[in-house]
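> Note that UniProt numbering has the sequence shown beginning at 1, numbered continuously upward.
Here a beta-carbon is modelled for each residue, glycine too, at the ideal position from N, C-alpha and C.
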Amino acid sequence: EATCITEMSVMMACWKQNDFNDTACAEEIRMFYDCVAKAE
């Protein structure tokens, strides 16, 4: 089942814009992992 696609896309776009800087995308990463945790 494809879940959290939107969150993943936002996270990937953020990484791309910030040269894969996790710190710059902390909020996006957190939202993605929150979604994954709820989906399980």
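Rounded to the nearest angstrom, how far is the Cβ of residue 14 from that of residue 25, given a contact under 8 Å?
Their Cβ separation, rounded to whole angstroms, is 4 Å, which keeps residue 14 and residue 25 in contact under 8 Å.
> Comparing alpha-carbon positions, which option in 29, 19, 16, 40 lies nearest residue 7?
Checking every option, the nearest Cα to that of residue 7 belongs to 29.
> Going by DSSP, what residue range makes up the alpha helix (DSSP H) through residue 35?
Where residue 35 is concerned, the enclosing alpha helix (DSSP H) stretches over 26-39.
> By the 10 Å Cβ neighbour count, where 16 or more other Cβ atoms means buried, how is residue 20 classified, buried or exposed?
So residue 20 counts as exposed.
> Report all residues from its chain with a CB closer than 7 Å to the CB of residue 18; omit the five preceding and five following residues, and keep chain order.
So the list reads 24, 25, once near-sequence residues are dropped.
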